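Below is one structure, written out as structure tokens, with a few remarks after it.
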Amino acid sequence: MFYGICFVPASKEKTNFMKHLNLSLGVACMLLLLITKSSFSQTEPSHPDNSPESKLATYSLIVKGIIKDENGTGMPGVNIYLKGTTVGTVSNDDGTFEFPRKLEPGDRLTFSYIGYESQEYLVQGNLDGDLSILMNVDVEIIGEAGDNEVYSKESGFRRLWSSMKKHF
Amino acid sequence: MRAFLFIAILCISCSSLYGQVYRIEPDLHKADSVAQLYPKHPLNDLKVLSDKLTAPLSTDVEKFRSIFKWVCLNIESDYMLLKENKDKRAKLNNGALSKWEKKFSKRVFSILIDHHRTICTGYAYLVKELAFHAGLNCTIVNGYGRHARANIGGRGIVNHSWNAVELDGKWYLCDATWASGTIDGERKVFVQNFDEGYFLSDPALFGRSHYPVDARWMLQNEKRSLKEFLNAPLVYSGTLHYEVKPTSPTLFNIETWSGDNVVFQFTKGDGPEFSTAAILIDDFKTDDMFIEELSEGVGTFSANHTFLYRGRYAVHVVLDGSHVFSYNVRVR
Numbered sequence: 000m001f002y003g004i005c006f007v008p009a010s011k012e013k014t015n016f017m018k019h020l021n022l023s024l025g026v027a028c029m030l031l032l033l034i035t036k037s038s039f040s041q042t043e044p045s046h047p048d049n050s051p052e053s054k055l056a057t058y059s060l061i062v063k064g065i066i067k068d069e070n071g072t073g074m075p076g077v078n079i080y081l082k083g084t085t086v087g088t089v090s091n092d093d094g095t096f097e098f099p100r101k102l103e104p105g106d107r108l109t110f111s112y113i114g115y116e117s118q119e120y121l122v123q124g125n126l127d128g129d130l131s132i133l134m135n136v137d138v139e140i141i142g143e144a145g146d147n148e149v150y151s152k153e154s155g156f157r158r159l160w161s162s163m164k165k166h167f
Numbered sequence: 000m001r002a003f004l005f006i007a008i009l010c011i012s013c014s015s016l017y018g019q020v021y022r023i024e025p026d027l028h029k030a031d032s033v034a035q036l037y038p039k040h041p042l043n044d045l046k047v048l049s050d051k052l053t054a055p056l057s058t059d060v061e062k063f064r065s066i067f068k069w070v071c072l073n074i075e076s077d078y079m080l081l082k083e084n085k086d087k088r089a090k091l092n093n094g095a096l097s098k099w100e101k102k103f104s105k106r107v108f109s110i111l112i113d114h115h116r117t118i119c120t121g122y123a124y125l126v127k128e129l130a131f132h133a134g135l136n137c138t139i140v141n142g143y144g145r146h147a148r149a150n151i152g153g154r155g156i157v158n159h160s161w162n163a164v165e166l167d168g169k170w171y172l173c174d175a176t177w178a179s180g181t182i183d184g185e186r187k188v189f190v191q192n193f194d195e196g197y198f199l200s201d202p203a204l205f206g207r208s209h210y211p212v213d214a215r216w217m218l219q220n221e222k223r224s225l226k227e228f229l230n231a232p233l234v235y236s237g238t239l240h241y242e243v244k245p246t247s248p249t250l251f252n253i254e255t256w257s258g259d260n261v262v263f264q265f266t267k268g269d270g271p272e273f274s275t276a277a278i279l280i281d282d283f284k285t286d287d288m289f290i291e292e293l294s295e296g297v298g299t300f301s302a303n304h305t306f307l308y309r310g311r312y313a314v315h316v317v318l319d320g321s322h323v324f325s326y327n328v329r330v331r
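As they're listed, the protein sequences go chains F and G. Residues in the first sequence are numbered from 0 upward in steps of one, following numbering that gives the first Met the number 0. Residues in the second sequence are numbered from 0 upward in steps of one, following numbering that gives the first Met the number 0.
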């Protein structure tokens, strides 16, 4: 199959460029073949457990840890998701969690709990020990509802009166 | 019409990185339908809700519309919380306020989950978090909200939260609290009533009732000062609907002499047409007529009023029965 694409049909007048192109293409195809061939016949890493999961063991990570609030207390009920999927879990009563699916470096986890700012965590290859996620309350509560009430002289006076009252 | 649309698209794409109003009217019917599928959906897992609201939609604006509309239809303003927050913020000083705020914050979110009721930061927080889970860049903007009872003159008080959102690479402004409805005249009951004007609003119009603490969120090249904002004519949501701007007088408080003539002027952009424009003095309709002048595609409407008697008057410009601006006139 690969051989078929590599060789350009001969033409009566071959230019130097075409010759070089042919040669480059030929080399590229050979290399490609070697690489693909080698991946198909990769020898399995020597592992006592030859199950399918173990083949991926080098690349997949079990991510677990604890989620804490601003007081350092473990937070239960925090929603943890693998970003871009519906795969997730919820933290335990003591704030600990273990992600139910093995993760790859480059995966992103989101941590959310109402009232707190959602966070993203990038899974890295050199995961060392349990994660410790600190949730932030970065929300200053301010409140002013929609008010389409029309301005009237009375409201102005009432305002003035209440501001005067403060001085007494 | 097509030529105009094409030119409009060209102009918008050539403009600064600030988004404007979403003038090329995207069809939001599907997004609105999706938003209506999940009445009072639980809030304990916002990703689940966000996924439901956005999965069937393909564009940024539709996804955000679905989120925004859901929040406006399903979350009510809590008048009692509002009042309590206002009172405490006025009475308590820094140390005590900070302590109270922490407890209050927890209560606000607990009430939000249990009763789908909150005050403006709660609305803004929900919009931001739902957008986050949908992969949209959205932030809470704190600042000064202005209406008949707040931020007229004085030094101003930071009393409101809204959102800025990035859609297809441009930033837009919106206010879910004010879009969801209003507290009625008795100041005790919330009336749910979706106001289109506060979804992806024109920053120049939005900025007349919303002044951000962080000036970046004005989304305008020309930045007004806080003093200008606090002393300008008072505007209502009708200005966003009709896309009108008061141009004269430039201040809310006007002083004049009895017998003098005052000119009230405003410009109109591309919003819907109105059939009547009137001046009301307190509650009484005057006979003053607005005359339109067109210049380079912009309509300027002017009307005069002669104040005969000394006193103080609330003067309103009303379009098709909808108040758009107000002034406080003192006649000597």
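Backbone N, C-alpha and C define an ideal beta-carbon position, used for all residues, glycine too. This one's a predicted model, so the numbers in the text were calculated from it and none came from an experiment.
Are residue 175(G) and residue 126(G) closer than 8 Å when you measure CB to CB? yes
Ordered list of beta strand (DSSP E) runs contained in the segment 80-136 of chain F, each at least 3 residues: 87-89, 95-97, 107-111, 118-121 and 130-133
Chain F contact for residue 118(G) (CB, 8 Å cutoff): yes
DSSP-derived helix/strand/coil call for residue 294(G): strand
Per the DSSP calculation, residue 329(G) is bridged to which residue(s)? 254(G) and 311(G)
List, in chain order, every chain F residue whose beta-carbon is nearer than 8 Å to that of residue 182(G). 144, 145 and 146
Residue range of the unbroken beta strand (DSSP E) whose run includes residue 276(G): 276-280
Identify the contact partners of residue 177(G) in chain F, using a Cβ-Cβ distance below 7 Å as the criterion. 145
What in chain F is Cβ-close to residue 108(G), meaning under 8 Å? 113 and 114
Would you say residue 120(F) faces chain G, with C-beta separation under 8 Å as the test? no
How would you call residue 158(G), buried or exposed, if buried means at least 16 neighbouring beta carbons within 10 angstroms? buried
Starting from the Cα of residue 256(G), find the closest Cα among 141(G), 234(G), 308(G) and 131(G) and give me that residue. 308(G)
Within 8 Å of any Cβ in chain F, is that where the Cβ of residue 210(G) sits? no
Three-state secondary structure assigned by DSSP to residue 33(G): helix
Measure how close the beta-carbons of residue 324(G) and residue 316(G) come, nearest whole angstrom, since I'm counting them as under 8 Å. 5 Å
Neighbouring residues, chain A, relative to residue 311(G) (Cβ below 7 Å): The question asks about chain A, but that chain is absent: this structure's protein chains are F and G.
Own chain partners of residue 90(G) with C-beta closer than 8 Å, once the 5 adjacent residues on each side are dropped: none
Just to confirm before moving on: does the CB-CB distance between residue 262(G) and residue 303(G) stay below 8 Å? yes
For the structure I just gave you, are there three or more beta carbon pairs, one from the segment 69-79 of chain F and one from the segment 103-119 of chain G, closer than 8 Å? no
Would you check if the distance between the CB atom of residue 59(F) and the CB atom of residue 119(F) is smaller than 8 Å? no
Taking buried to mean at least 16 other C-beta atoms within 10 Å of its own C-beta, is residue 211(G) buried or exposed? buried
Should residue 141(F) be flagged as near chain G, meaning a C-beta pair shorter than 8 Å? yes
Round the Cβ separation of residue 147(G) and residue 137(G) to the nearest angstrom and send it over; I've been treating them as touching at under 8 Å. Actually they are not in contact, since the Cβ atoms of residue 147(G) and residue 137(G) sit about 29 Å apart, beyond 8 Å.
Taking the alpha-carbon positions, what's the residue 300(G) to residue 149(F) distance? 22 Å
Tell me the DSSP bridge mates of residue 159(G)? 142(G)
Does chain F have any CB closer than 8 Å to the CB of residue 378(G)? Missing from the structure shown is residue 378(G); chain G here goes from 0 to 331 and no further.
Should residue 241(G) be flagged as near chain F, meaning a C-beta pair shorter than 8 Å? no
In angstroms, rounded to a whole number, what distance separates the CA positions of residue 346(G) and residue 318(G)? Because chain G spans 0 through 331 in this model, residue 346(G) falls outside it and cannot be assessed.
What residues in its chain sit with their C-beta under 6 Å from that of residue 126(F), if we drop five residues either side in the sequence? 60
In three-state DSSP terms, what is residue 65(G)? helix
Just to make sure I have the definition right: I need the residues of chain F whose C-beta is within less than 8 Å of the C-beta of residue 84(G). Which are they? 140, 141 and 142
Could you work out which residues of chain G lie near residue 117(F), taking near to mean beta carbons separated by less than 9 Å? 45, 46, 127, 128, 131 and 132
Measuring only between beta-carbons, confirm whether residue 42(G) sits less than 8 Å from chain F. yes
So is residue 23(G) in contact with chain F if we call contact Cβ pairs under 8 Å? Here the model assigns residue 23(G) a pLDDT of 49, short of 50, so the residue's position is not dependable and the matter cannot be decided.
Closer than 6 Å by C-beta to residue 332(G): which residues in its own chain qualify, once you throw out the five before and the five after it? Chain order, please. With chain G covering only 0 through 331, there is no way to say anything about residue 332(G).
Should residue 128(G) and residue 117(F) be called a contact, given that it needs their Cβ atoms to be closer than 8 Å? yes
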